[in-house]
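Protein chains in written order, with the numbering used here: chain X, 24 to 508; chain Y, 5 to 100. For glycine and all other residues, C-beta sits at the position ideal for the given N, C-alpha and C.
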Amino acid sequence: MSLMSLTAVALGKKIKAGEVSVTEAVQAALDAAAAKEEKVNGFVTVDGERALERAEKVQEGIRKGVYDSPLAGVPVAVKDNMCTRGLLTTCSSKILGNFVPTYTAEAVANLERAGAVVMGKTNMDEFAMGSTTETSAYGATRNPWNGEHVPGGSSGGSCAAVAAEECSYALGSDTGGSIRQPSSFCGVTGLKPTYGTVSRYGLIAYGSSLDQIGPVAKDVTDCATILEAIASHDAKDSTSVERKDYDFAAALSEDVRGMKIGIPRDYLGEGLDGEVRDSIMAAAKVLEEKGALVEEFDLSLVEYAIPAYYVIACAEASSNLARFDGVKYGYRTTDYEGLHNMYKKSRSEGFGPEAKRRIMLGSFVLSSGYYDAYYLKALRTKALIKQAFDKAFSQYDLILGPAAPTTAPRLGESLSDPIKMYLGDIYTVSVNLAGLPGISLPCGLDSKGLPIGLQLIGDCFQEKKIIRAAYAFEQTREYQHSPLA
Amino acid sequence: MANIISDETIEYVGILAKLELDGQEKEQAKKDMGEMLDYIDQLNELDTSGVEPMSHVFPVNNVFREDEVTNGDGRDATLENAPERKEDAFVVPKTI
Chain X
24 MSLMSLTAVA LGKKIKAGEV SVTEAVQAAL DAAAAKEEKV NGFVTVDGER ALERAEKVQE
84 GIRKGVYDSP LAGVPVAVKD NMCTRGLLTT CSSKILGNFV PTYTAEAVAN LERAGAVVMG
144 KTNMDEFAMG STTETSAYGA TRNPWNGEHV PGGSSGGSCA AVAAEECSYA LGSDTGGSIR
204 QPSSFCGVTG LKPTYGTVSR YGLIAYGSSL DQIGPVAKDV TDCATILEAI ASHDAKDSTS
264 VERKDYDFAA ALSEDVRGMK IGIPRDYLGE GLDGEVRDSI MAAAKVLEEK GALVEEFDLS
324 LVEYAIPAYY VIACAEASSN LARFDGVKYG YRTTDYEGLH NMYKKSRSEG FGPEAKRRIM
384 LGSFVLSSGY YDAYYLKALR TKALIKQAFD KAFSQYDLIL GPAAPTTAPR LGESLSDPIK
444 MYLGDIYTVS VNLAGLPGIS LPCGLDSKGL PIGLQLIGDC FQEKKIIRAA YAFEQTREYQ
504 HSPLA
Chain Y
5 MANIISDETI EYVGILAKLE LDGQEKEQAK KDMGEMLDYI DQLNELDTSG VEPMSHVFPV
65 NNVFREDEVT NGDGRDATLE NAPERKEDAF VVPKTI
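Here's what the structure looks like:
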């Protein structure tokens with residue numbers, strides 16, 4: 024059996040037991056990436072030399088007892104919007120095409136303290152803006168289940184690399200569904216933690232009030248273990264939350280007896296593919312058979328989450344991306360006349376169409392005369408959406424639904440109609456607006472052989488409930504490896 | 005209600021966003037923004053009077069710390085990122 028078909032925790036056990044060396048594990052990942060990248064394009068950068076050097080150090084650390092985490096020595100791929108010292112970090116944009124950070128994002132540093140080996144940086148939608156990983160300046164990533172289809176986005180590279188078994192696990196980030204939707208499309212498990220659980224220090228910001236880093240892996244056990252390693256209270260991120268519990272792996276139990284699970288009727292209506300619906304309802308039935316109480320309810324306001332999200336995310340993006348001006352780092356145009364011309368030309372040449380579209384919309388909704396009508400209106404809508412979730416969680420432990428209305432669309436189908444692409448975010452964005460944790464895990468394949476993802480949403484800080492129910496469901500089925508695995 | 009984005013508006017947004025669009029990009033941007041605003045106008049169906057705008061889900065407070073250096077001398081590392089270097093300084097185009 025290939026080392027790459029193991030879960031991260033299973034590989035970590037073999038490394039700990041001395042059955043596999045760290046170098047062997049890392050080399051297996053590098054070989055897999057070398058063989059499959061032509062078909063997947065899940066990475067922007069693979070740095071084998073750096074990874075193999077690090078592997079030796081980690082092996083030494085394991086021997087000396089410095090690293091005793093379950094993830095010590097396991098190769099990880101990191102989304103290219105997290106800063107990694109000395110390793111190119113592009114955000115899949117031309118404007119950061121030459122950016123080599125001088126510091127490491129806290130989430131990645133936490134993993135490294137656990138003995139992880141970063142093998143490379145994964146492809147994404149430019150600045151995490153997109154749902155297909157087609158807006159990358161470094162070419163689209165392809166879905167390992169079918170190369171004619173997208174992997175989803177924006178963490179499409181991370182999810183495709185996990186599904187194709189080019190890495191043992193990956194980090195992604197989720198602003199409006201960017202971990203959960205591509206996890207669903209690629210048949211892997213991805214967890215978006217409660218806002219503030221994982222430090223955003225060193226995560227290149229898109230929508231700061233919504234962004235959250237999380238794990239992408241083969242199963243729930245891996246996700247819980249990785250989350251335990253990356254979560255921390257960090258003084259360098261003023262929105263970082265000090266939690267009472269960080270022992271997420273302790274929640275890996277099959278017991279869902281008495282757990283109350285609500286399925287929003289609003290998630291099952293128009294726009295939801297029939298096969299996805301059937302698969303989700305079958306998953307709900309499984310949890311019911313295991314003792315959970317499952318019922319449908321009306322969540323309300325679901326259709327307003329997308330417009331509110333795009334106003335808020337674009338407003339924050341327009342402000343966050345103002346820093347890319349071509350002066351001190353990043354892309355600078357070659358010919359210009361004067362300062363403002365240099366700013367404008369550097370940005371216009373450096374950003375792709377989707378980033379420009381969102382920067383302009385964000386600049387508009389924040390501009391004088393429109394701020395109240397658009398930006399504040401969206402923030403008021405967000406407050407109502409939060410209230411709707413509060414009400415739901417006063418009755419239910421978890422909300423269950425699809426991660427996306429369809430399985431992965433074909434390459435090139437989505438970008439021509441942005442609004443249609445944005446509508447694909449309907450089941451994920453409200454979770455970010457309300458700061459909630461959510462997971463997507465595989466629950467079946469459609470008739471085209473493409474994966475379907477089950478989403479479980481918890482109240483703030485209730486990751487353990489999500490992990491418990493997801494784990495219980497997962498025990499009833501076998502992990503299906505993608506054809507490229 | 006359809007939002008029509010005028011040439012003046014898209015010009016103004018270009019100034020705010022520090023983006024320079026050519027003729028074709030400008031027409032596309034007018035169309036895209038108009039369509040997005042039509043879509044966003046759905047929010048007007050909601051009565052939000054008396055609802056406080058929510059910028060953060062959790063209460064966000066200023067985080068204070070003592071003004072002590074904890075990250076050491078990062079001068080050389082920082083200078084590695086300079087587009088051009090002159091001794092211990094970044095060389096960049098004049099910005100003032």
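Beta-carbon separation of residue i and residue j under 9 Å?
{"i": "P432 of chain X", "j": "H172 of chain X", "result": "yes"}
{"i": "G237 of chain X", "j": "I202 of chain X", "result": "yes"}
{"i": "Q485 of chain X", "j": "F416 of chain X", "result": "yes"}
{"i": "S505 of chain X", "j": "E157 of chain X", "result": "no"}
{"i": "A495 of chain X", "j": "K313 of chain X", "result": "yes"}
{"i": "P216 of chain X", "j": "P465 of chain X", "result": "no"}
{"i": "K22 of chain Y", "j": "K367 of chain X", "result": "yes"}
{"i": "V99 of chain X", "j": "S196 of chain X", "result": "no"}
{"i": "T155 of chain X", "j": "L362 of chain X", "result": "no"}
{"i": "V101 of chain X", "j": "T145 of chain X", "result": "yes"}
{"i": "L119 of chain X", "j": "T113 of chain X", "result": "yes"}
{"i": "P441 of chain X", "j": "R380 of chain X", "result": "yes"}
Relative to the C-alpha of residue i, which candidate in the options has its C-alpha closest?
{"i": "I44 of chain Y", "options": "X:L399, X:P474, X:K471 and X:K488", "result": "X:L399"}
{"i": "L446 of chain X", "options": "X:L214, X:A508 and X:Y333", "result": "X:Y333"}
{"i": "I303 of chain X", "options": "X:V239, X:S207, X:E60 and X:K36", "result": "X:S207"}
{"i": "A51 of chain X", "options": "X:D91, X:G65 and X:G96", "result": "X:G96"}
{"i": "L291 of chain X", "options": "X:E60, X:P93 and X:F320", "result": "X:F320"}
{"i": "G143 of chain X", "options": "X:E372, X:E129, X:M105 and X:E61", "result": "X:M105"}
{"i": "A198 of chain X", "options": "X:P474, X:M152 and X:S276", "result": "Correcting the residue type first, residue 198 of chain X is Thr in the shown sequence and not Ala. Nearest of X:P474, X:M152 and X:S276 to T198 of chain X, Cα basis: X:M152."}
{"i": "V49 of chain X", "options": "X:G294, X:P93, X:G41 and X:A139", "result": "X:A139"}
{"i": "A426 of chain X", "options": "X:G297, X:Y218, X:T107 and X:L479", "result": "X:L479"}
{"i": "T248 of chain X", "options": "X:S231, X:A33 and X:G88", "result": "X:A33"}
{"i": "L114 of chain Y", "options": "X:N343, X:P93, X:P124 and X:T107", "result": "This structure leaves residue 114 of chain Y out entirely; chain Y is present only between 5 and 100."}
{"i": "A160 of chain X", "options": "X:V309, X:N169, X:G180 and X:V141", "result": "X:G180"}
{"i": "R73 of chain X", "options": "X:E360, X:T107, X:S263 and X:T499", "result": "X:T107"}
{"i": "M37 of chain Y", "options": "Y:S59, Y:E88, Y:M58 and Y:D11", "result": "Y:D11"}
Note down, in chain order, each residue of its chain lying with its Cβ closer than 8 Å to the Cβ of residue i, except the 5 sequence neighbours on either side.
{"i": "I408 of chain X", "result": "L324, Y327, A328, A331, S453, L456 and A457"}
{"i": "K443 of chain X", "result": "S437"}
{"i": "A508 of chain X", "result": "M27, S28, P167, A186, A187 and E188"}
{"i": "I38 of chain X", "result": "S44, V45, A48, I85, A95, G96 and V97"}
{"i": "E251 of chain X", "result": "Y269, D270, F271 and A272"}
Give a yes or no on whether 9 Å exceeds the smallest Cβ distance from residue i to chain X.
{"i": "I8 of chain Y", "result": "no"}
{"i": "G76 of chain Y", "result": "no"}
{"i": "G18 of chain Y", "result": "yes"}
{"i": "A93 of chain Y", "result": "no"}
{"i": "V67 of chain Y", "result": "yes"}
{"i": "Q46 of chain Y", "result": "yes"}
{"i": "D71 of chain Y", "result": "no"}
{"i": "E12 of chain Y", "result": "no"}
{"i": "K90 of chain Y", "result": "no"}
{"i": "E31 of chain Y", "result": "no"}
{"i": "E84 of chain Y", "result": "yes"}
Looking at the structure shown, is residue i part of a helix, part of a strand, or coil, going by DSSP?
{"i": "C182 of chain X", "result": "helix"}
{"i": "H504 of chain X", "result": "coil"}
{"i": "V123 of chain X", "result": "coil"}
{"i": "D11 of chain Y", "result": "helix"}
{"i": "Q498 of chain X", "result": "coil"}
{"i": "P57 of chain Y", "result": "coil"}
{"i": "T112 of chain X", "result": "coil"}
{"i": "S386 of chain X", "result": "helix"}
{"i": "I236 of chain X", "result": "strand"}
{"i": "S154 of chain X", "result": "coil"}
{"i": "Y43 of chain Y", "result": "helix"}
{"i": "H172 of chain X", "result": "strand"}
{"i": "F320 of chain X", "result": "strand"}
Only counting the same chain, and skipping five residues up and downstream in sequence, which positions put a Cβ closer than 6 Å to that of residue i?
{"i": "A183 of chain X", "result": "V63, G65, T164, P167, P174 and C209"}
{"i": "S341 of chain X", "result": "I382, G385 and S386"}
{"i": "G467 of chain X", "result": "S302 and I475"}
{"i": "M27 of chain X", "result": "A51, A55 and E188"}
{"i": "A401 of chain X", "result": "A331, V334 and I335"}
Nearest chain Y C-beta to residue i closer than 9 Å, yes or no?
{"i": "G292 of chain X", "result": "no"}
{"i": "K379 of chain X", "result": "yes"}
{"i": "K267 of chain X", "result": "no"}
{"i": "K351 of chain X", "result": "yes"}
{"i": "I489 of chain X", "result": "no"}
{"i": "I118 of chain X", "result": "no"}
{"i": "M27 of chain X", "result": "no"}
Keeping to the same chain, check which residues put their C-beta closer than 7 Å to that of residue i; ignore five residues upstream and five downstream.
{"i": "D242 of chain X", "result": "T30, T212, E497 and Y502"}
{"i": "M411 of chain X", "result": "In the sequence as displayed, the identity of residue 411 of chain X is Ala instead of Met. Around A411 of chain X: L322, S323 and L324."}
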